[in-house]
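Line order of the protein sequences matches chains Y and X. Quick note, the first sequence lines up with residues 28 to 387 if you use our numbering. Quick note, the second sequence lines up with residues 28 to 387 if you use our numbering. Glycine included, each C-beta is placed from N, C-alpha and C at the ideal position. Note that the structure is predicted; figures quoted are calculated from it, not measured.
2 protein chains.
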Amino acid sequence: MEHEPGQPPVHNLSAAQGAAGAALRRKPQVSMADVAKLAGVSSQTVSRVSNGSPDVIESTRRQVIAAMNELGYRPNSAARALKRGSFRTIGVITFSLSSLGNMRTLEAIALNAARQDFAITLIPVTAPTQAGIQGAFTRMGELAVDAVIAIMEVHLLDAATVTLPPGVKVVVVDSDAGEQYSVVDTDQADGARKAVRHLLDLGHETVWHVAGPEESFAAERRAAAWRSTLTAAGKTVPPVLRGDWSADSGYAAGLRLADERDCTAVFAANDHMALGLLRAFREKGKSVPEDISLVGFDDVPEASSYAPPLTTVHQNFADVGNRCVDNVLQQIRTNTTEPGVILVPTELVIRASTAAPKAT
Amino acid sequence: MEHEPGQPPVHNLSAAQGAAGAALRRKPQVSMADVAKLAGVSSQTVSRVSNGSPDVIESTRRQVIAAMNELGYRPNSAARALKRGSFRTIGVITFSLSSLGNMRTLEAIALNAARQDFAITLIPVTAPTQAGIQGAFTRMGELAVDAVIAIMEVHLLDAATVTLPPGVKVVVVDSDAGEQYSVVDTDQADGARKAVRHLLDLGHETVWHVAGPEESFAAERRAAAWRSTLTAAGKTVPPVLRGDWSADSGYAAGLRLADERDCTAVFAANDHMALGLLRAFREKGKSVPEDISLVGFDDVPEASSYAPPLTTVHQNFADVGNRCVDNVLQQIRTNTTEPGVILVPTELVIRASTAAPKAT
DNA sequence: TTTGTTAGTGTTTGCGCAAACATGATTGGT
DNA sequence: ACCAATCATGTTTGCGCAAACACTAACAAA
Numbered sequence: 028m029e030h031e032p033g034q035p036p037v038h039n040l041s042a043a044q045g046a047a048g049a050a051l052r053r054k055p056q057v058s059m060a061d062v063a064k065l066a067g068v069s070s071q072t073v074s075r076v077s078n079g080s081p082d083v084i085e086s087t088r089r090q091v092i093a094a095m096n097e098l099g100y101r102p103n104s105a106a107r108a109l110k111r112g113s114f115r116t117i118g119v120i121t122f123s124l125s126s127l128g129n130m131r132t133l134e135a136i137a138l139n140a141a142r143q144d145f146a147i148t149l150i151p152v153t154a155p156t157q158a159g160i161q162g163a164f165t166r167m168g169e170l171a172v173d174a175v176i177a178i179m180e181v182h183l184l185d186a187a188t189v190t191l192p193p194g195v196k197v198v199v200v201d202s203d204a205g206e207q208y209s210v211v212d213t214d215q216a217d218g219a220r221k222a223v224r225h226l227l228d229l230g231h232e233t234v235w236h237v238a239g240p241e242e243s244f245a246a247e248r249r250a251a252a253w254r255s256t257l258t259a260a261g262k263t264v265p266p267v268l269r270g271d272w273s274a275d276s277g278y279a280a281g282l283r284l285a286d287e288r289d290c291t292a293v294f295a296a297n298d299h300m301a302l303g304l305l306r307a308f309r310e311k312g313k314s315v316p317e318d319i320s321l322v323g324f325d326d327v328p329e330a331s332s333y334a335p336p337l338t339t340v341h342q343n344f345a346d347v348g349n350r351c352v353d354n355v356l357q358q359i360r361t362n363t364t365e366p367g368v369i370l371v372p373t374e375l376v377i378r379a380s381t382a383a384p385k386a387t
Numbered sequence: 028m029e030h031e032p033g034q035p036p037v038h039n040l041s042a043a044q045g046a047a048g049a050a051l052r053r054k055p056q057v058s059m060a061d062v063a064k065l066a067g068v069s070s071q072t073v074s075r076v077s078n079g080s081p082d083v084i085e086s087t088r089r090q091v092i093a094a095m096n097e098l099g100y101r102p103n104s105a106a107r108a109l110k111r112g113s114f115r116t117i118g119v120i121t122f123s124l125s126s127l128g129n130m131r132t133l134e135a136i137a138l139n140a141a142r143q144d145f146a147i148t149l150i151p152v153t154a155p156t157q158a159g160i161q162g163a164f165t166r167m168g169e170l171a172v173d174a175v176i177a178i179m180e181v182h183l184l185d186a187a188t189v190t191l192p193p194g195v196k197v198v199v200v201d202s203d204a205g206e207q208y209s210v211v212d213t214d215q216a217d218g219a220r221k222a223v224r225h226l227l228d229l230g231h232e233t234v235w236h237v238a239g240p241e242e243s244f245a246a247e248r249r250a251a252a253w254r255s256t257l258t259a260a261g262k263t264v265p266p267v268l269r270g271d272w273s274a275d276s277g278y279a280a281g282l283r284l285a286d287e288r289d290c291t292a293v294f295a296a297n298d299h300m301a302l303g304l305l306r307a308f309r310e311k312g313k314s315v316p317e318d319i320s321l322v323g324f325d326d327v328p329e330a331s332s333y334a335p336p337l338t339t340v341h342q343n344f345a346d347v348g349n350r351c352v353d354n355v356l357q358q359i360r361t362n363t364t365e366p367g368v369i370l371v372p373t374e375l376v377i378r379a380s381t382a383a384p385k386a387t
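Following this line, the structure appears as structure tokens:
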């Protein structure tokens, strides 16, 4: 590889690079010492400039910066982390990314962390079992993270014996681990209550519920709130139907519900199942909202284009993500652990899938 | 807090450091030396055990492992990285996570990387501008990554002058940067061709197209393939309608399309827009597929629950993600850079939204 | 004058790990 | 018996950085 003196060795990627040793070995990195030599100062001064210390006179700083640019110096984050014992990195453990909520939450986490100059390391749980979770936390422990955010929609965290290096802070999303960890979550109960109350207020005798899978905390809490709201209003509580969040499972539930004579109002635990319900009702000749009113949960962007546009409970996933990061950074800053639950409010979005029951 | 684009990247960490400052310091970590002392061996032997070297006799290994467990030893990845010069980490730069495809791809990347013992560091692009991309790559350069996968749905990468430490490998998803980088992408053109051919084969005179936003590579390629397929078949090419991937934009396009007398077949560039089209047609009294046939793109899980179930082009996002990781690890292993394009095939899924045109 | 005091810079040191080399113990071939 | 080869383990070293401290010059206060 030819050295053009004065040319920075940092490549614009368009220039293909000649072979320079197997890549998993050392890259010929420019170190502080190189910069120091070129700038005619000590490496400590380079360090100071690099860290924005105020104790460097302007002219020196300029020289050092010039040298940095010329050599294309990049601080080596491994060495930095080794020296400082912190990594400015948050590990995110997630079950499945393919749910809208997790995705949105993750995006907010990434954005907010980046804003505060923290990096995100993503650790997927490979299998929805305790062993899978264990493995994820173990990998986390081996990685360079200062904190962990676990996006756990499932009932397994409590049982898992989680070992993390001392000092690593944890925030959990969507779980009941509030005794041990900080928990941030959508206010599922209140959202569900709003949905059920809306239907009741419309004049429906009672509200049926298509719940999410049993393992899910969110599903469990929505179902519990549905039940208690009904009970509090003195209504009968119909049997729960259970889906798995998918539109197909909603469709299956809808086929059964369409045959229930006295079913005039349904609360589906998420929008995708509601979509399936709509399809089932349509195929069974039940019209929404004339024959049956339907409320979903999530407010996916497409909900307003469903047939009919879906009344649903809006979740603020971005807020959940933001609070996770804020909370965990707070814990890091103060070096405290603060178990407890932060609830993010929901909002009922009324569209065209709900109406008063037909007069009988 | 603002960083001038021209300033050296080394400053970026300095600002936030004060903010998170104080408590980010050393955790009392258990080091190899501690383990070595307890096990009565040298730290080098601990290192060997830790790295699975075969040159350790079984009894010694057991002692060391026992000591590790007793002390709760975790190898310090920063020190490891410092020593080895590699991080076993892949950086993923992504625009927006809120599209199904990106998320699925990301999930596959994370899973596949984990399988090969690589960690994923997520870098969000904060703004869809060149500066935003620049910033993401800069942050990447400061982080400890061996390779970068960029999930770029947008036309900006080619223009961005990207600087990365030497030796960092790059793979790009959904872009035309094939000259410079390895590119992995769904075979958009073939997918679009399948969709259009399907409609033509059904007997439609021509096929209208609701395209995605202009900045999108995928949208551009789907539209181009639509046009060329039509032309190759000797059909007239109707004007393109343009949406922004959202159901609402599809709805808007659908309202206009419903008024076109001779429009009997539509190819929507994604499923969500197709959903919007369905709604518009329904409201305009056009029935699908009797009056108008419709094909989508993506095959979102809910597509089978649309009204009617949507004929669409299935994309294999997981495969895209897997190939990204395989390719980038291959580049790392062989220390080569291999520009070129890997195309992942699509599949036409025929459901109920397409039919032969009504006899006139 | 002398003695701080400060601001700017340099020197030393060690973070935890693993490569390179060194050592000591065992085996095997002759 | 000898030496050499092999194996298991120990010792030294330095990765790049920044904390701690040392030093110098300049200037103020006594």
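The criterion of a C-beta distance shorter than 8 angstroms is satisfied by histidine 231 (chain X) and alanine 292 (chain X). In this structure, the straight-line span from the alpha carbon of alanine 60 (chain Y) to that of leucine 98 (chain Y) is close to 11 angstroms.
The beta-carbon of arginine 309 (chain Y) is placed less than 8 angstroms from the nearest beta-carbon of chain X.
Using a 10 angstroms sphere on the CB of asparagine 129 (chain Y), the tally of other CB atoms reaches 16 or more, which defines it as buried.
Judged by pairs of C-beta atoms under 8 angstroms, the region 298-308 of chain X touches the region 270-279 of chain X, as three or more such pairs exist. In the structure shown, the three-state DSSP call for glycine 112 (chain Y) is coil.
The beta carbon of valine 181 (chain X) lies closer than 8 angstroms to those of Phe122, Pro155, Glu242, Ser243, Phe244 in the same chain, with the five residues before and after it left out. Exclusion of the five residues before and after phenylalanine 114 (chain Y) leaves Ala108, Ala171, Val172, Asp173 as the residues of its chain whose Cβ lies within less than 7 angstroms of its Cβ.
For the region 254-281 of chain X, the set of positions with a beta-carbon nearer than 9 angstroms to some beta-carbon of chain Y reads Ser273, Ala274, Asp275, Gly277, Tyr278 in chain order. The DSSP-derived three-state label of proline 372 (chain Y) is coil. Minimum Cα-Cα distance from glutamate 169 (chain Y) among the listed residues Y:Met179, Y:Val195, Y:Ile178 corresponds to Y:Val195.
Looking at the DSSP output, leucine 149 (chain Y) sits in a beta bridge with Y:Val119, X:Ile147. Contacts between methionine 130 (chain X) and chain Y, judged by CB atoms closer than 7 angstroms, involve Leu124, Ser125, Met130 in chain order.
Looking at X:Leu282, X:Phe294, X:Ala330, the one whose alpha-carbon comes closest to that of histidine 225 (chain X) is X:Phe294. From the listed residues Y:Gly67, Y:Ala252, Y:Val267, the smallest Cα separation to valine 237 (chain Y) is found for Y:Val267. Listed along the chain, the chain X residues whose CB falls inside 7 angstroms of the CB of arginine 306 (chain Y) are Ser332, Ala334.
According to the DSSP secondary-structure assignment, lysine 196 (chain Y) is paired through a beta bridge with Y:Ala174.
Beta-bridge partners assigned by DSSP to aspartate 325 (chain Y): Y:His341. A direct Cα-to-Cα measurement between arginine 89 (chain Y) and serine 58 (chain Y) gives close to 18 angstroms. Scanning its chain for C-beta atoms nearer than 7 angstroms, with the 5 sequence neighbours on each side dropped, one finds around threonine 263 (chain X) the residues Thr233, in chain order. Proximity of chain X to phenylalanine 324 (chain Y) at the Cβ level (cut-off 7 angstroms) is not reached, the minimal Cβ distance being about 15 angstroms.
Within chain Y, the residues whose beta carbon sits less than 7 angstroms from that of alanine 108 (chain X) are Ala105, listed in sequence order.
In the DSSP assignment, alanine 280 (chain Y) falls outside any beta strand (DSSP E) and within the unbroken alpha helix (DSSP H) covering 274-284. Of the other Cβ atoms in all chains shown, 16 or more fall within 10 Å of the Cβ of lysine 221 (chain Y); this residue is therefore buried.
Looking at the backbone, the Cα of alanine 140 (chain Y) and that of glutamine 161 (chain X) are separated by about 18 angstroms.
Residue pairing from DSSP places tryptophan 235 (chain X) in a beta bridge opposite X:Val293. Contact between glycine 348 (chain X) and asparagine 297 (chain X) fails: their C-beta atoms lie close to 19 angstroms from each other, not under 8 angstroms. The three-state reading of DSSP puts serine 320 (chain Y) in strand, counting E and B together. Secondary structure of serine 209 (chain Y) (DSSP, three-state): strand. By DSSP's assignment, valine 181 (chain X) forms a beta bridge with X:Ser243. In this structure, the beta-carbon distance from isoleucine 136 (chain Y) to methionine 167 (chain Y) does not fall below 8 angstroms.
If the five residues before and after valine 198 (chain Y) are omitted, its C-beta is found closer than 7 angstroms to the C-beta atoms of Ile176, Tyr208, Ser209, Val211, Cys351, Asn354, Val355, all from its own chain and listed in chain order.
When only Cα atoms are considered, alanine 63 (chain Y) and asparagine 362 (chain X) end up about 30 angstroms apart. Taken through DSSP and simplified to helix, strand or coil, glycine 312 (chain Y) comes out as coil. Contact between proline 372 (chain Y) and aspartate 214 (chain Y) is confirmed by a C-beta separation of about 5 angstroms, below the 8 angstroms threshold.
Linking alanine 379 (chain Y) to serine 77 (chain Y) through their CA atoms gives a straight-line distance of about 58 angstroms.
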